[in-house]
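Input: a single structure, listed below in structure tokens.
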Ligand SMILES: *Cc1c(COP(=O)(O)O)cnc(C)c1O
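Dropping the structure here:
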């Protein structure tokens, strides 16, 4: 079976397991796990942020980051298919009391004029107050699309003028970095808070990191405990993250090449596949998913007539070639 349903499906490699087994640990709720502390500081430095906080999931990282910027009853603006509003099961409303409004952009891009239109920080006592804008790079449900740095900078410039905060959901910021060559610190510079994921393309079994100012991360640490996310000898997991950062960033280029290879085999212009996600419009998603699975390729439906596939660490060049051939057959 070649499993292309998600880049979360990777399994820790022998080298990663070795690093986990030999990790130095302590009780992280007491701030005494050196491996966690080192990981948090390392990721913060990579993005030029003051501090970081290790979380079990990207969803929790997003909830904690957004809560540091937006108070209960205030709103955040984001694209309509953003992970924070589509795939976190209402966590921001259910746990931290935040509402949202969205703009629609087919490729998940920024739409600054519309954002400026939506932005309402203080329209009296009758309207919800906008406190932040969230952007997603790469954009998952838009097909791994990259937000150009110039657009992000234009958003930052405007946000500074009006006093609006920016959250960057960078679950796959590593893919954007590798696809464009943009320095991670450039991405860090446009955001007040970020969430970055170690368990997608980087191949760790668990873990994300929230990044921001020392004060935002202090708040996030309190909220993480409140949500039941205070973890103990979790250096075992942070060690997997450290290993992923050491070994698995640059190789994301292979995933991108494999995604383009599969896209081309499926009759999709590979230049429309910027990173590791391929979205295909098909006559019937359930039928295509079932037919592909029967022939040994697992993909996922993301709409009634839309399927999504992702390349990752556990998909070799040969796997991609075979998957491409099988999917071409299924689509024909
Ligand atoms: C996967 C993902 C997350 C976090 O997902 P978890 O499954 O909670 O770790 C957040 N944002 C985006 C864009 C994602 O793709």
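In this note's numbering, the protein residues as written are 290 to 621. Glycine residues also receive a C-beta, built at the ideal position from the N, C-alpha and C atoms.
Near residue i, what residues of its chain come up, given a Cβ to Cβ distance below 8 Å and the 5 sequence neighbours on each side ignored?
| i | result |
| --- | --- |
| residue 391 | 366, 367, 368, 369, 371 and 374 |
| residue 426 | 435, 436, 441, 457, 458, 459, 461, 462, 465 and 476 |
| residue 539 | 467 |
| residue 315 | 321, 322, 323, 522 and 524 |
| residue 401 | 440, 443, 444 and 447 |
| residue 301 | 309, 492, 493, 494 and 529 |
Using a Cβ-Cβ cut-off of 7 Å (strictly less than) and excluding sequence neighbours within five positions of residue i, which residues of its own chain qualify?
| i | result |
| --- | --- |
| residue 297 | 488 and 489 |
| residue 478 | 337 |
| residue 631 | With the chain covering 290 to 621 only, the question about residue 631 has no answer from this structure. |
| residue 388 | 364, 382 and 417 |
| residue 544 | 490, 565, 600 and 601 |
| residue 586 | 291, 293, 612, 615 and 616 |
| residue 554 | 613, 614, 616 and 617 |
| residue 570 | 594 and 595 |
| residue 380 | 348 and 352 |
| residue 325 | 317, 343, 523, 524 and 527 |
Among the residues of its own chain, which have a CB less than 6 Å from the CB of residue i, if the five just before and after it don't count?
| i | result |
| --- | --- |
| residue 349 | 518 |
| residue 363 | 418 and 420 |
| residue 295 | 599 |
| residue 562 | 548, 549 and 552 |
| residue 397 | 368, 428, 431 and 434 |
| residue 500 | 333, 336, 338, 341 and 483 |
| residue 532 | 305 and 308 |
If you reduce the DSSP assignment to three classes, tell me which class residue i lands in.
| i | result |
| --- | --- |
| residue 339 | coil |
| residue 629 | As displayed, the chain neither begins before 290 nor continues past 621, which places residue 629 out of reach and without an answer. |
| residue 570 | strand |
| residue 540 | coil |
| residue 296 | coil |
| residue 414 | coil |
| residue 594 | coil |
| residue 312 | coil |
| residue 356 | helix |
| residue 621 | coil |
| residue 599 | strand |
| residue 561 | helix |
| residue 303 | helix |
| residue 530 | helix |
| residue 322 | coil |
| residue 556 | coil |
| residue 452 | coil |
Buried or exposed: where does residue i fall if 16 or more other Cβ atoms within 10 Å of its Cβ makes it buried?
| i | result |
| --- | --- |
| residue 378 | exposed |
| residue 623 | Nothing can be reported for residue 623: it is not among the residues displayed for the chain, which extend from 290 to 621. |
| residue 313 | exposed |
| residue 290 | exposed |
| residue 343 | buried |
| residue 613 | buried |
| residue 506 | buried |
| residue 556 | exposed |
| residue 608 | buried |
| residue 335 | buried |
| residue 393 | exposed |
| residue 406 | exposed |
| residue 354 | buried |
| residue 329 | buried |
| residue 446 | exposed |
| residue 404 | buried |
| residue 451 | exposed |
| residue 623 | The chain is shown only over 290 to 621; residue 623 falls outside these bounds and no answer can be derived. |
| residue 520 | buried |
| residue 515 | exposed |
| residue 511 | exposed |
| residue 579 | exposed |
| residue 497 | buried |
On the DSSP bridge assignment, give the partners of residue i in chain order.
| i | result |
| --- | --- |
| residue 425 | 458 |
| residue 291 | 586 |
| residue 344 | 497 |
| residue 233 | No statement about residue 233 is possible, as the shown extent of the chain runs from 290 to 621 and does not include it. |
| residue 434 | 428 |
| residue 419 | 364 |
Kindly say whether residue i, judged by its beta-carbon, lies nearer than 8 Å to any beta-carbon of chain B.
| i | result |
| --- | --- |
| residue 510 | Considering every chain present, this structure includes no chain B. It has just one protein chain. |
Going by the C-beta, is residue i closer than 7 Å to any heavy atom of ligand 2?
| i | result |
| --- | --- |
| residue 511 | Ligand 2 is absent from the structure shown, which contains only ligand 1. |
message: Which runs of the alpha helix (DSSP H) at least 4 residues long sit entirely within the segment 470-525? Give them in chain order.
response: The DSSP assignment places complete alpha helix (DSSP H) segments of no fewer than 4 residues inside the segment 470-525 at 473-478 and 503-515, in order along the chain.
Ranges of the beta strand (DSSP E) found wholly within the segment 362-409, counting only runs of at least 3: For secondary structure counted as the beta strand (DSSP E) over 3 or more consecutive residues, the segment 362-409 holds these complete runs in sequence order: 364-368 and 388-392.
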